[in-house]
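Colleague:
2 protein chains.
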Amino acid sequence: MANYRNVLVAVDFSEESKAVVKKAFEIAARNQASLILLHVVEYASSMYAGDIPLPEDLNLDRDLAEQAVLKLKALANENGIPEAAQYVEIGIPKREIVCLAEEHEADLIVVGSHGRHGLQLLLGSTANGVLHQAKCDVLAVRVGG
Amino acid sequence: MANYRNVLVAVDFSEESKAVVKKAFEIAARNQASLILLHVVEYASSMYAGDIPLPEDLNLDRDLAEQAVLKLKALANENGIPEAAQYVEIGIPKREIVCLAEEHEADLIVVGSHGRHGLQLLLGSTANGVLHQAKCDVLAVRVGG
Numbered sequence: 230m231a232n233y234r235n236v237l238v239a240v241d242f243s244e245e246s247k248a249v250v251k252k253a254f255e256i257a258a259r260n261q262a263s264l265i266l267l268h269v270v271e272y273a274s275s276m277y278a279g280d281i282p283l284p285e286d287l288n289l290d291r292d293l294a295e296q297a298v299l300k301l302k303a304l305a306n307e308n309g310i311p312e313a314a315q316y317v318e319i320g321i322p323k324r325e326i327v328c329l330a331e332e333h334e335a336d337l338i339v340v341g342s343h344g345r346h347g348l349q350l351l352l353g354s355t356a357n358g359v360l361h362q363a364k365c366d367v368l369a370v371r372v373g374g
Numbered sequence: 230m231a232n233y234r235n236v237l238v239a240v241d242f243s244e245e246s247k248a249v250v251k252k253a254f255e256i257a258a259r260n261q262a263s264l265i266l267l268h269v270v271e272y273a274s275s276m277y278a279g280d281i282p283l284p285e286d287l288n289l290d291r292d293l294a295e296q297a298v299l300k301l302k303a304l305a306n307e308n309g310i311p312e313a314a315q316y317v318e319i320g321i322p323k324r325e326i327v328c329l330a331e332e333h334e335a336d337l338i339v340v341g342s343h344g345r346h347g348l349q350l351l352l353g354s355t356a357n358g359v360l361h362q363a364k365c366d367v368l369a370v371r372v373g374g
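Quick note, the sequences are listed as chains A and B, same order. Residue 230 is where the first sequence starts when you use this note's numbering, and the numbers rise one by one after that. Residue 230 is where the second sequence starts when you use this note's numbering, and the numbers rise one by one after that.
(1) Which same chain residues, not among the five before or five after Gln315 (chain A), have their C-beta less than 6 Å away from its C-beta?
(2) Determine which residues share a DSSP beta bridge with Leu264 (chain B) and list them.
(3) Could you check the C-alpha separation between Glu307 (chain A) and Arg259 (chain B) for me, to the nearest Å?
(4) Pick out whichever of B:Leu368, B:Leu264 and B:Ala253 has its Cα sitting closest to the Cα of Glu334 (chain B).
(5) State the DSSP-derived secondary structure class of Val298 (chain B), mapped to helix, strand or coil.
(6) Arg234 (chain B): buried (16+ other C-beta within 10 angstroms of its C-beta) or exposed?
(7) Short check: CB of Val236 (chain A) to CB of Ala257 (chain A), under 9 Å?
(8) Could you tell me whether the Cβ of Val370 (chain A) comes closer than 9 Å to any Cβ of chain B?
(9) If I measure Cβ to Cβ from Gln349 (chain B) and keep anything under 6 Å in the same chain, skipping five residues before and after, which residues do I get?
(10) Could you tell me if Ala369 (chain A) is buried or exposed, where buried requires 16 or more neighbouring beta carbons within 10 angstroms of its beta carbon?
(11) Measuring only between beta-carbons, confirm whether Asp290 (chain A) sits less than 9 Å from chain B.
(12) Would you please verify whether the beta carbon of Cys328 (chain A) is less than 9 Å from any beta carbon of chain B?
(13) Using a beta-carbon distance below 9 Å, is Ala363 (chain B) in contact with chain A?
(14) Any beta-carbon of chain A closer than 9 Å to the one on Lys252 (chain B)?
(15) List the residues of chain A whose Cβ lies closer than 9 Å to the Cβ of Asp366 (chain B), in chain order.
(16) Taking its Cβ as the centre, do 16 or more other Cβ atoms sit within 10 Å of Asn357 (chain A), making it buried, or is it exposed?
(17) How big is the Cα-Cα spacing for Phe254 (chain B) and Val298 (chain A)?
(18) According to DSSP, Leu329 (chain B) sits in a beta bridge with which residue or residues?
(19) Once the 5 residues before and after Ile326 (chain A) are set aside, which same chain residues still bring their CB inside 6 Å of it?
(20) Three-state secondary structure (DSSP) at Ala369 (chain A)?
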């Protein structure tokens, strides 16, 4: 039986995230697999393209990451996912998702199919989308009608 | 528990198909779900763009479909999937997959992630890829390294 052992679920805090985590939790439970929860904060500073230099003490990425940690904790608590299994990374979502999956030898990545970090975006328009990089299965969860 | 009840696996007879069907079979078994197996023959006649008219008795699509039925049967037999659960359709893969999934109220579509009908292709470059049309979860199975 090709049961999954290590499941990674990536959320973007869109409306579907709650249901996506719930489903990943159930799949992990059914497979008696470990589960880790990831949110990737997309580079904010690097997206700023204005002419006026940003103040040096403005650390958008860090501030966003701090908020994300709290949001992720709330989401994790609903499913009893321990703090050690909660990850917030700063970077390019598809790259960070694939990286963390490899680090933890995940054999299943779960994402929503419609959120900001959904599969549509993960694949993007590049030939080297997450599916070519990911060394494991990818489940896109459809939430709602 | 959000178990799956009706699983559809779509194959393109690429090298990974065998492993994709095996995995779908296992998922269906674990979930005590029904399983249907689909191959879509892409329109061959309509892809012909030559100046010389094709002979009227040449029915490429039908011939390809007949071959596909035999190939699918061989693949199904390995996993004991009955004939009634084997489908060969002629058309545009992503459209046929989504259609059959809806007809059978599938709650999970399983595809390979790298084959000709893999998720990369299913999404394609259109905004209305299978993920936007599919009313269910989609699992992209990674085969091999």
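Glycine included, every Cβ here is placed at the ideal spot set by N, Cα and C.
Modeller: Quick look at the numbers:
(1) Leu266, Leu301 and Ala305
(2) B:Val236
(3) 26 Å
(4) B:Leu264
(5) helix
(6) exposed
(7) yes
(8) yes
(9) Bear in mind that a pLDDT of 49 at Gln349 (chain B), under 50, signals an unreliable position, so the number given afterwards is only what the model happens to contain. Excluding positions up to five away in sequence, the list is empty.
(10) buried
(11) no
(12) no
(13) yes
(14) yes
(15) Lys252, Ser342, Leu368, Ala369, Val370 and Arg371
(16) Unreliable placement is indicated for Asn357 (chain A), whose pLDDT of 35 sits below 50; the coordinate value is still reported in the next sentence. Burial call: exposed.
(17) 38 Å
(18) BP columns for Leu329 (chain B) are empty, so no partner.
(19) Ala239
(20) strand
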